[in-house]
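Working notes, structure below.
Protein chains in written order, with our numbering: chain A, 6 to 459; chain B, 6 to 459.
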């Protein structure tokens, strides 16, 4: 029953080299999350469908991977259901569980489920895969990781400032140059009010969110098609063409939105956040961008988006404040703010720019060549010494031809090869070869350990 | 649409405290895997059902979680299929994918799929969750982690010695006292031959595997019920009652199995492995146990099992050599040997014995109390300094009552609280309170960093 093995489309295997690179990214993000006092949680891959359904819109419901009930999945399904071939109804009866689609809904569920035990403000991070039955295409997978950090239970804008500071530290450590864009949902509301089209806020933000891609003329065309008056479109133009420093933009906005209470609140919030990150002496590029919208119906305050400066790719991190994360689970009024690092895109950026430190491609530090039983025994003794001192080391398990063993060291990127042959056995030494420079040294075991331990 | 949120039975959420403890275990195991030159891979949560089905027996097929095809899952299902209500047939038509059941089959699939690119011997480790539709009960979950390390492409017994050495290092680092039991499938074959019941090897090993639990009399009763002769049972007794050191047991076995070529091969292999680990100077307790069988049909050479000495619990690690891992995927003749650490049981052991180092319960090192806007700005500046020096620190985001902020530090186990009030702002100092001893110090920012950085 031989079969040509493969994996489901849109999923990936990760080789050791890919894992080293991915771990470098995940570890960097984790370390920063921890430095900022975020605590890790994990939730199950499977959630009840009642938790997931209806949270991502109708399209989202279709993109959930559903798990067939175990045992008799036709229990409760009668012939009429089947004859109708009503997929939604049948799914509801045959499947109780689905794979998590993002980390936000499971987090909201978690907060509500354990509300009695959680200390507020609750700062959590979570790094786990999510699954979506999307059509696979370049850069879009059916299984991918999300890296989320959120604070719930605090309205303070200090949280936003911290998140921006955290973004800066992550990308500084990864050596990726980024532009951080910020906006505020209240400013968007104010803009819609100011141009006399408050009821069209969704259409307006959807359209202006595209300005970088399609230009102002096409944006205006779209706004016209949505029924905005020429007057409204003219009023909007100076906002979209706003130039200058953040301080200048804030002053312009404050002037234009003076008539909107909500809008002015948004301007004040933006000012606090931008001043806050500036006063910390971060030299990251934070830019106020009123066209930034990102899932408008979700965010209620600050909106954040990060783009790589040196690679053409979509946003690599995004987030914002939401005021009703847990309402759908019966716990209204809890405010939260969070960001999500797009690990897969960050991985693409680092690959394109080759930004990995050299240590990432290294597996073990030293390979001991196997010359036979007697030599192997002594090699293993020294390998053990090295490992106890924290130096990764291995002995080639078979007394294969020298060329094969050296080829292994080469292909695995092992920087040192140690040889214990007959003469070394006699003299109690080790011959250490530097695979890069090609130099060889004769060392005592103790000197070898000292040499390789850094 | 408020709903009381919950998670599927048999699955778990992990709180920050649980995650710290679990990470301590996973990180320890990972570090050791790396010191020994194992390289990490990851495979997708979903595999094609064609990869998974038939690999775990009929019972296993039922325990696979199957994923409903997205889109029209009834495509290809005709009315007759439905009318029959043949669950297996319907599942085959409605589901192409399933969740991985263990890490071994995906690893075998990986090795075959990438055989052209892999350097042999290939030493991989993999730490990922697996899913089984088992009936949930205490200590048995539907989602749990496996931590596997395997070498394929090398017949050398040095690999077995390395794995034993690795087990020793993991449990030394975790401070868990263990007994490591070893056996060899060839010895079991030899025993069955020697007592004249070669065809009953499965019944024999299943029965004697239970000797620790049910005693020799019940084992013999079971053997009788399986049709073993009294003579065979009498011949088996001295083997099961074998006492003494490993060397003594090996000599006894060599005497008893002298007539079985396979048996003698097994004795030789055991001797090499046991001598090997002894010669490395490991002081772990490795015990030859001829009753050890563990999934006999799978293993073909060495069998390894680890038990905790101070907690009553099943085996916490196990493994062995298999000679035909990849045959089912059309790649015969590849020998491998590996072990699997039972992370969830190890977690239970560490919890029962309270073996976590103090650092595991610590989240951030220092909390800055928030006295208001002006003080918060200065606090954030110093928090930033600390983080840049690798000290995890946070500022309470709201200027809440002192009692509430101190309560937060307390419940999160934060060891230091820093206060910057009006007088500290004036003098440019920080008041640092040690939450354990209660002592307070007035420090410059630089002295504070030096104090908390260790």
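For each residue, glycine too, the CB sits at the ideal point set by N, CA and C.
For the beta strand (DSSP E) holding residue i, just list the boundary residues, first then last.
{"i": "residue 341 of chain B", "result": "341 to 346"}
{"i": "residue 134 of chain B", "result": "127 to 136"}
{"i": "residue 316 of chain B", "result": "Residue 316 of chain B -> no beta strand (DSSP E), and no H or E assigned at all."}
{"i": "residue 325 of chain A", "result": "322 to 327"}
{"i": "residue 103 of chain A", "result": "100 to 104"}
{"i": "residue 225 of chain B", "result": "That residue, residue 225 of chain B, is in no beta strand (DSSP E); its alpha helix (DSSP H) goes 216 to 230."}
{"i": "residue 399 of chain B", "result": "398 to 400"}
{"i": "residue 164 of chain B", "result": "No beta strand (DSSP E) contains residue 164 of chain B, which is instead part of the alpha helix (DSSP H) from 163 to 179."}
In whole angstroms, give me the CA-to-CA distance for residue i and residue j.
{"i": "residue 345 of chain B", "j": "residue 324 of chain B", "result": "6 Å"}
{"i": "residue 382 of chain A", "j": "residue 281 of chain B", "result": "8 Å"}
{"i": "residue 399 of chain A", "j": "residue 117 of chain B", "result": "24 Å"}
{"i": "residue 162 of chain B", "j": "residue 402 of chain A", "result": "8 Å"}
{"i": "residue 36 of chain A", "j": "residue 155 of chain A", "result": "15 Å"}
{"i": "residue 126 of chain A", "j": "residue 16 of chain A", "result": "36 Å"}
{"i": "residue 2 of chain A", "j": "residue 261 of chain A", "result": "The structure shown has nothing for residue 2 of chain A, since chain A only spans 6 to 459."}
{"i": "residue 108 of chain B", "j": "residue 60 of chain B", "result": "12 Å"}
{"i": "residue 425 of chain A", "j": "residue 316 of chain B", "result": "42 Å"}
{"i": "residue 14 of chain A", "j": "residue 212 of chain B", "result": "44 Å"}
{"i": "residue 209 of chain B", "j": "residue 164 of chain B", "result": "28 Å"}
{"i": "residue 428 of chain B", "j": "residue 249 of chain A", "result": "39 Å"}
{"i": "residue 431 of chain B", "j": "residue 449 of chain B", "result": "12 Å"}
{"i": "residue 350 of chain B", "j": "residue 219 of chain A", "result": "56 Å"}
{"i": "residue 5 of chain B", "j": "residue 214 of chain B", "result": "Chain B is shown from 6 up to 459; residue 5 of chain B falls before or after that span and cannot be answered."}
{"i": "residue 417 of chain A", "j": "residue 386 of chain B", "result": "44 Å"}
{"i": "residue 82 of chain B", "j": "residue 276 of chain B", "result": "58 Å"}
{"i": "residue 202 of chain A", "j": "residue 455 of chain B", "result": "57 Å"}
{"i": "residue 410 of chain A", "j": "residue 128 of chain B", "result": "14 Å"}
{"i": "residue 451 of chain B", "j": "residue 336 of chain A", "result": "44 Å"}
{"i": "residue 443 of chain A", "j": "residue 259 of chain B", "result": "49 Å"}
{"i": "residue 233 of chain A", "j": "residue 55 of chain B", "result": "55 Å"}
{"i": "residue 140 of chain B", "j": "residue 65 of chain B", "result": "13 Å"}
{"i": "residue 459 of chain B", "j": "residue 394 of chain B", "result": "10 Å"}
Would you check if the distance between the CB atom of residue i and the CB atom of residue j is smaller than 8 Å?
{"i": "residue 305 of chain A", "j": "residue 274 of chain A", "result": "no"}
{"i": "residue 245 of chain A", "j": "residue 272 of chain A", "result": "no"}
{"i": "residue 10 of chain B", "j": "residue 12 of chain A", "result": "no"}
{"i": "residue 138 of chain B", "j": "residue 147 of chain B", "result": "yes"}
{"i": "residue 171 of chain A", "j": "residue 29 of chain A", "result": "no"}
{"i": "residue 440 of chain B", "j": "residue 422 of chain B", "result": "yes"}
{"i": "residue 484 of chain A", "j": "residue 73 of chain A", "result": "The structure shown does not extend to residue 484 of chain A, since chain A is modelled only from 6 through 459, so no value can be given for it."}
{"i": "residue 310 of chain A", "j": "residue 326 of chain A", "result": "no"}
{"i": "residue 19 of chain B", "j": "residue 47 of chain A", "result": "yes"}
{"i": "residue 179 of chain A", "j": "residue 355 of chain A", "result": "yes"}
{"i": "residue 131 of chain B", "j": "residue 112 of chain B", "result": "yes"}
{"i": "residue 77 of chain A", "j": "residue 92 of chain B", "result": "yes"}
{"i": "residue 26 of chain A", "j": "residue 365 of chain A", "result": "yes"}
{"i": "residue 388 of chain A", "j": "residue 419 of chain A", "result": "no"}
Rounded to the nearest angstrom, how far is the Cβ of residue i from that of residue j, given a contact under 8 Å?
{"i": "residue 70 of chain A", "j": "residue 75 of chain B", "result": "7 Å"}
{"i": "residue 457 of chain B", "j": "residue 396 of chain B", "result": "5 Å"}
{"i": "residue 52 of chain B", "j": "residue 103 of chain B", "result": "6 Å"}
{"i": "residue 86 of chain B", "j": "residue 95 of chain B", "result": "6 Å"}
{"i": "residue 151 of chain A", "j": "residue 124 of chain A", "result": "Their Cβ separation, rounded to whole angstroms, is 24 Å, which puts residue 151 of chain A and residue 124 of chain A out of contact at 8 Å."}
{"i": "residue 135 of chain B", "j": "residue 115 of chain B", "result": "15 Å between Cβ atoms; not a contact."}
{"i": "residue 190 of chain B", "j": "residue 21 of chain A", "result": "30 Å between Cβ atoms; not a contact."}
{"i": "residue 360 of chain B", "j": "residue 181 of chain B", "result": "7 Å"}
Starting from residue i, follow the alpha helix (DSSP H) in both directions and report where the run begins and ends.
{"i": "residue 116 of chain A", "result": "109 to 118"}
{"i": "residue 35 of chain A", "result": "21 to 40"}
{"i": "residue 193 of chain A", "result": "190 to 199"}
{"i": "residue 410 of chain A", "result": "407 to 416"}
{"i": "residue 454 of chain B", "result": "450 to 457"}
Do the region 116 to 135 of chain B and the region 282 to 293 of chain B touch if we need at least three Cβ pairs shorter than 8 Å? no
Please determine if the region 339 to 353 of chain A and the region 164 to 180 of chain A are in contact, where contact requires at least 3 C-beta pairs separated by less than 8 Å. yes
Counting beta carbon pairs with one atom in the region 183 to 193 of chain A and one in the region 310 to 326 of chain A, are three or more of them shorter than 8 Å? They touch, by the three-pair rule.
Taking 8 Å as the cut-off, does the region 229 to 247 of chain B touch the region 195 to 202 of chain B (at least 3 CB pairs, one atom from each stretch)? Contact holds: three or more Cβ-Cβ distances are below 8 Å.
Would you call the region 368 to 376 of chain A in contact with the region 94 to 112 of chain B, where contact means no fewer than 3 C-beta pairs closer than 8 Å? no
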